[in-house]
Amino acid sequence: PNYYAEVEISALDQLDKLSLFPLSSQDDINLLIIGTANSGQFLHPTQQIAIQQMGIGVESMNRESACRSFNLLLSDARLVGLLLL
751 PNYYAEVEIS ALDQLDKLSL FPLSSQDDIN LLIIGTANSG QFLHPTQQIA
801 IQQMGIGVES MNRESACRSF NLLLSDARLV GLLLL
């Protein structure tokens, strides 16, 4: 990847379109993988819909799985972003 963005959130419930703008505005991504400390954390349906309306698919999982999935998809030349919380 040739782009890095910091977002001003520290918890999944703070995630919204505005907080993702730096990530989505620079490079086209069609999938965002969100890595959280706990594997049981998921996006609220309204958050998921808002991100999908940006044209970005979204998946949340624990950090280790998120990093593995990101690297695998990136090696397949997919347009993928990674957000670690």
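Take the sequence shown: its letters are residues 751 to 835, numbered as in the numbering used here. We put the CB at the ideal spot given by N, CA and C, even for glycine. Since this is a predicted model, take the numbers as computed values, not measurements.
For Ser810, the enclosing beta strand (DSSP E) covers residues Gly807 to Asn812. Restricting attention to Leu835, Leu829 and Leu834, the CA atom closest to the CA of Leu781 is found in Leu829. Going by DSSP, Ile784 is part of the beta strand (DSSP E) stretching over Leu781 to Thr786. At the C-beta level, Ile759 and Phe820 stay beyond 9 Å of one another. The C-beta separation of Thr796 from Arg813 comes to about 24 Å, leaving the pair out of contact by the 8 Å criterion.
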